Amino acid sequence: MFQKFSYTQPKMGSPFRIVFFADDEQKTHELADSCFELVDKYNMIFSDYDDNSELSKLCAHAGNGWQPVSPPMMDLLLKASKAWEQSKKTYDITAGPLTKCWRQARKDKKLPNDTLIREKWLLTGFDKVQIDTTKQAINLTLKGMELDFGGIAKGYIAREVLQLLTQSGIRQALVDAGGDMVMSDAPPGKNGWIVGITIPEHTALLMPKKLSLRHAAVTTSGDAYQYIVHNGKKYSHIIDPRTGYAIIEQKNVTVVATDASQADWLATACSILPVPEARALATSLEASFLITELKEGKIITHIAGRFPDFWHHS
């Protein structure tokens, strides 16, 4: 008899949740432990908060020539390179100096000055990264360059955890890496996993309609949690790497795609791009989105792809 098992641990600054159906309780506990160990392994590769992570050591070496990287690091670098090109440079992992600058601004509740932003912006741009897949090495060409895998790593890790579950014989599972979700087959007797979407500017209020998903990935990006207000304007935690400045549009972007890392970076890119360009990008990648904007107190929605097909009908 299949039972539902749910496990949650704090990982990468937010709750990391694994839900799946299985018939052996003892084995499920061991499997959950293996999943969280895998999360820790990848976090030690991609974290920009831990000085001992592979990423931190890589950035510390910036400007000093070629550096060997692990297979997962190379894999995600190549995905990020492709994302940079496809997104018209609106998704850029080299925006690390800008990320830290705006992170400090939110902490200090004070907008960074234009000179500082310009200084950090000059250190960014994926064209300043050299990749050698034969030697499994990269070169960050400028001293002071920093990579930031926010907006792609959580989706990537969620996908890897789901893959581990699938390889272990689990067919019905959902992995939630702090809002970046990926799922395999639907729960027993259901058409899909039910997923709520937050209303713009709110952390707890959900839209009346919910999604029903299986064999898919979904990510929502918005500024409800992290932002700074200056002169009446709300600056998001999402930075436009083409300008160096945080965006001020008040909107949520929910992306549904087949690949979790793609859904992750697409949510960021579609938050920055004008809606017509965002729609063209999502369509070209066979992804779908719902963009909800708050304008003069009213919610305006934009839809791309097959998004209406994913609404849950109770």
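The opening residue of the sequence shown carries number 1 in this note's numbering; numbering runs sequentially from there.
Each residue gets a CB set at the ideal place from its N, CA and C atoms; glycine is no exception.
Keep in mind the model is a prediction, meaning the values are calculated, not measured.
Spatial distance of P83 from I93 (CA atoms):
Here the question's residue 83 lines up with position 83 in the sequence shown. Here the question's residue 93 lines up with position 93 in the sequence shown. For clarity, residue 83 is Ala in the given sequence; the question names Pro instead. Take the alpha-carbon of A83 and the one of I93: they are about 9 Å apart.
Express the C-alpha separation of D114 and K154 in angstroms, rounding to a whole number.
Residue numbering aside, residue 154 sits at position 154 when the sequence shown is read from its first letter. Residue numbering aside, residue 114 sits at position 114 when the sequence shown is read from its first letter. Distance between the alpha carbons of K154 and D114: 31 Å.
Under the DSSP definition of a beta bridge, which residues are partnered with T8?
Residue 8 sits at position 8 when you count from the first residue of the sequence shown. In the DSSP output, where bridge partners are listed per residue, T8 has R17.
Who are the near neighbours of G96 in its chain, counting only those whose CB is closer than 6 Å to its CB and skipping five residues on each side?
Start at 1 with the first residue of the sequence shown, and residue 96 comes out as number 96. Correct list, in chain order: E146, L147 and D148.
Proximity winner among F5, Q167, R106 and R306, relative to E286 (alpha-carbon distances):
In the sequence shown, residue 286 corresponds to position 286, counting from 1. Considering only alpha carbons, the answer is R306.
Please identify the residue among Q3, H29 and F36 whose C-alpha is closest to the C-alpha of D23.
Residue mapping note: residue 23 aligns to position 23 of the sequence shown, counting from 1. Of the candidates Q3, H29 and F36, the residue whose Cα lies closest to the Cα of D23 is Q3.
What first and last residue would you give for the beta strand (DSSP E) that runs through M183?
In the sequence shown, counting from the first residue as 1, residue 183 sits at position 183. It spans D180 to M183 - the beta strand (DSSP E) in which M183 sits, taken as one unbroken run.
Could you please give the first and the last residue of the uninterrupted beta strand (DSSP E) stretch that includes V129?
For the purposes of this step, residue 129 is identified with residue 129 of the sequence shown, where counting begins at 1. First-last of the beta strand (DSSP E) with V129: V129 to D132.
State the Cα-Cα distance for the pair P68 and K143, rounded to the nearest angstrom.
Indexing the sequence shown from 1 puts residue 68 at position 68. Indexing the sequence shown from 1 puts residue 143 at position 143. Their backbone Cα atoms lie some 17 Å apart in a straight line.
Select from K251, L164 and Q136 the residue whose C-alpha is nearest the C-alpha of P72.
Residue 72 sits at position 72 when you count from the first residue of the sequence shown. With distances taken between Cα atoms, P72 lies closest to Q136.
Report yes if the CB atom of A269 is closer than 7 Å to the CB atom of Y156, and no otherwise.
As a first step, residue 269 is located in the sequence shown; it is residue number 269 there, counting from the start. As a first step, residue 156 is located in the sequence shown; it is residue number 156 there, counting from the start. For A269 and Y156, no; Cβs fall outside 7 Å.
Taking Cβ positions, are M207 and I199 nearer each other than 7 Å?
For the purposes of this step, residue 207 is identified with residue 207 of the sequence shown, where counting begins at 1. For the purposes of this step, residue 199 is identified with residue 199 of the sequence shown, where counting begins at 1. Cβ atoms of M207 and I199: closer than 7 Å.
Excluding sequence positions up to five away, which residues of its chain have a Cβ less than 7 Å from the Cβ of T315?
Not covered by the structure: residue 315. The range shown for the chain is 1 to 314.
Presumed contact (8 Å Cβ cut-off) between A186 and G178, rounded CB distance:
As a first step, residue 186 must be located in the sequence shown, where it is residue number 186. As a first step, residue 178 must be located in the sequence shown, where it is residue number 178. A186 to G178, Cβ: 23 Å. No contact.
Beta strand (DSSP E) runs contained entirely in the stretch 286-314, provided each spans 3 or more residues
288-295 and 298-304
Separation of K100 from A60, as counted between CA atoms
Translated into positions along the sequence shown, residue 60 becomes position 60. Translated into positions along the sequence shown, residue 100 becomes position 100. Each residue's Cα considered, the two are about 15 Å apart.
Have a look at I170 and F20 and give me their C-alpha separation to the nearest angstrom.
One-based indexing of the sequence shown puts residue 170 at position 170. One-based indexing of the sequence shown puts residue 20 at position 20. Approximately 7 Å between the Cα atoms of the pair.
Proximity to S14 [Cα-Cα], best of G150, Q104, L55 and L111:
Mapped onto the sequence shown, residue 14 falls at position 14. Among G150, Q104, L55 and L111, the Cα nearest to that of S14 belongs to G150.
Looking at the unbroken beta strand (DSSP E) that takes in R193, where does it start and where does it end?
By 1-based counting over the sequence shown, the position of residue 193 is 193. The sequence given here places Trp at residue 193; Arg does not occur at that position. Segment W193 to V195, the beta strand (DSSP E) holding W193.
Look at the alpha carbon of M183 and the alpha carbon of S284, and state the distance between them as a whole number of angstroms.
On the sequence shown, position 183 is the one that residue 183 refers to. On the sequence shown, position 284 is the one that residue 284 refers to. Cα-Cα distance, rounded: 23 Å.
Nearest neighbour of L76, chosen from I131, D40 and L122 [CA to CA]
Counting from one through the sequence shown, the residue named residue 76 turns up at place 76. Nearest option by C-alpha distance: I131.
Of all the options L58, A158 and A267, which has the alpha carbon lying nearest to the alpha carbon of T254?
The residue you call residue 254 lines up with position 254 of the sequence shown. A267 is the residue among L58, A158 and A267 whose C-alpha sits nearest the C-alpha of T254.
Does the distance from the CB of D180 to the CB of D264 come in under 7 Å?
What you label residue 180 is simply residue 180 of the sequence shown in a count that begins at 1. What you label residue 264 is simply residue 264 of the sequence shown in a count that begins at 1. Yes, the pair counts as a contact, with Cβ atoms nearer than the cut-off.
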